[in-house]
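Under the numbering used here, the first residue of the sequence shown is numbered 1, with each subsequent residue one higher.
A quick write-up on the structure given underneath.
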Amino acid sequence: MKPINVEVALSSEAAVVSVGKRSETYVVVLKIKAPAATARRAPIDLVTVLNVSRNMTGDRLRLMKKAMRLMVSSLSSADRLSIVAFSTASKRLLPLRRMNTGGRRGARRIIDAVVALDGAATSASDSLKKAAKWPPVSSTSFSDLDIPVHFVNLSACLNAPPDDTFAKCISGLLNVVIQDLKIHLGFTSGSAPAEISAVYSNKGKPAFLGSGASWCRVGDFHSEEERELLIELKVPSSFSGTQQRLLSVRCSYNDPSTQQPIHEKERRLAVPRPRSGGSSTRDIQRLRCLFVTTRALAESRRLLDRNDVGGAHHMLASARALVLQTTSAAGEEFLRRLEAD
């Protein structure tokens with residue numbers, strides 16, 4: 001199968017975030033888009049591990065059964081499903097079986113018969129080992145076995161619209177087109193002087209991904225999924241030439257259906273220059289606030305991981321003060337994010 005390139009593009013705007021005597025720092029956005037899923041995906045082997053301990057009662061048990069029924073309906077006759085359940089011990093309820101008409105009927109009977117047991121969830125590790133004895137599933141790495149594992153938080157789904165959360169989750173499981181995407185960022189030879197100070201992910205919980213010319217692990221992508229990376233650049237203030245800065249981007253990932261590594265060719269993207277004269281449109285103000293907020297949230301979590309609570313609080317307070325300086329309403333959404341953290 002010929003690989004379809006991951007789409008990458010830089011934003012048309014750049015926002016200055018700090019100016020010093022020797023250098024200035026500005027931020028640009030790298031936009032990433034995964035290709036569309038092929039019309040027919042490869043068959044998968046899926047092993048589900050169900051928690052049936054005493055706390056899985058009422059709504060949680062009902063939602064788990066609902067999710068499993070939807071999963072069974074979503075699988076094709078070429079796919080295979082196995083079910084493992086655990087409480088104080090683990091047990092395989094369904095061996096790996098094709099989801100043809102008979103297979104679906106048998107799987108649904110087992111799901112309907114599942115009940116919560118009077119015991120704590122002490123055999124989770126054993127159940128995963130039992131699940132891992134079967135061939136690979138479909139898209140995040142399981143320890144050193146390279147077996148994909150997904151988790152569904154039923155508590156987070158209790159107040160969700162009917163079927164919506166489960167449908168999206170299951171659609172995602174079956175439509176991963178890029179597995180373990182890594183992106184190498186750097187500057188091409190002969191490019192105007194610049195340094196990558198930091199790269200941040202803005203999906204979910206903001207995270208620091210790397211700095212300098214290095215590989216950044218971005219993760220799995222579903223069909224046509226889009227994400228943004230914020231790239232912090234440091235450039236010398238003394239540079240006044242017309243030479244362009246060209247960002248070198250290389251993508252590496254695994255094909256989820258074959259587990260074969262794919263290494264795409266280098267792409268060169270022209271880095272936009274910040275507007276001269278200190279001009280600041282609403283879009284630039286928003287980009288600046290986005291970066292300040294993302295950096296503060298990501299770095300404060302890194303400080304908390306080192307038990308530096310005071311440093312984390314100072315980081316968030318400083319970011320809040322910077323966002324408050326914004327003269328438009330662009331900063332309001334970011335203030336809410338900072339205050340919520």
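C-beta: ideal position from N, C-alpha, C; glycine also.
Since we're looking at a predicted model, the values are computed, not measured.
Beta bridge counterpart(s) of residue i as assigned by DSSP
| i | result |
| --- | --- |
| L230 | V29 and Y200 |
| R92 | V84 |
| Q179 | N254 |
| H184 | W215 and R250 |
| E7 | K33 |
| P261 | N254 |
| S18 | T25 |
| R306 | BP columns for R306 are empty, so no partner. |
| L50 | A85 |
| D45 | R80 |
| V235 | E24 |
Residues of its chain near residue i, where Cβ-Cβ distance is below 8 Å and the 5 sequence neighbours each way are ignored
| i | result |
| --- | --- |
| E266 | S248, V249 and R250 |
| A194 | F187, L233, K234, V235, R245 and V271 |
| A192 | V235, F239, G241, Q243, Q244 and R245 |
Under the three-state DSSP convention, the category residue i falls into
| i | result |
| --- | --- |
| I284 | helix |
| A207 | strand |
| E24 | strand |
| V323 | helix |
| L174 | helix |
| A116 | coil |
| F221 | strand |
| A340 | helix |
| V271 | coil |
| R62 | helix |
| A97 | In the sequence as presented, Ala is not what sits at residue 97; that position holds Arg. R97: strand per DSSP, three-state reduction. |
| E266 | coil |
| E195 | strand |
Whole-angstrom C-beta distance between residue j and residue i, which should lie under 8 Å
| i | j | result |
| --- | --- | --- |
| V27 | A9 | That belief does not hold up - the Cβ atoms of V27 and A9 are roughly 16 Å apart, past 8 Å. |
| E225 | A34 | 5 Å |
| I196 | A213 | 7 Å |
| R62 | L117 | Not really, about 16 Å apart at Cβ, beyond 8 Å. |
| E264 | N100 | Not really, about 37 Å apart at Cβ, beyond 8 Å. |
| F291 | L230 | 5 Å |
| V72 | R97 | Contact flag wrong, Cβ pair sits at about 11 Å. |
Spatial neighbours of residue i in its chain, beta-carbon cut-off 6 Å, leaving aside the 5 residues before and after
| i | result |
| --- | --- |
| D283 | E13 |
| L93 | I83, A85 and I110 |
| L209 | V199, S201 and C216 |
| K205 | none |
| Q325 | none |
| G103 | R97 |
CB contact below 7 Å: residue i versus chain B
| i | result |
| --- | --- |
| Q325 | Annotation note: the requested chain B is absent from the structure, which comprises a single protein chain. |
Sequence-distant residues of the same chain with beta carbon closer than 7 Å to residue i, five excluded per side
| i | result |
| --- | --- |
| L316 | A296, S300, L338 and D341 |
| T293 | A319, V323, F334, R337 and L338 |
| C289 | V323, T326, A330, G331 and F334 |
- [ ] Would you be able to state if there are at least three C-beta pairs under 8 Å between the segment 226-240 and the segment 252-268?
- [x] As far as the Cβ criterion goes, the segment 252-268 does not touch the segment 226-240, which means the pair count is below three.
Open item on the list: I want to know whether the segment 47-65 touches the segment 76-88 - three or more CB-CB distances under 8 Å.
Closed with: Under the Cβ criterion (8 Å, minimum of three pairs), the segment 47-65 counts as touching the segment 76-88.
Open item on the list: Using 8 Å as the cut-off, can you tell me whether the segment 172-187 makes contact with the segment 216-223, which would need three or more C-beta pairs spanning the two stretches below that distance?
Closed with: Yes: the two stretches touch, three or more of their Cβ pairs being nearer than 8 Å.
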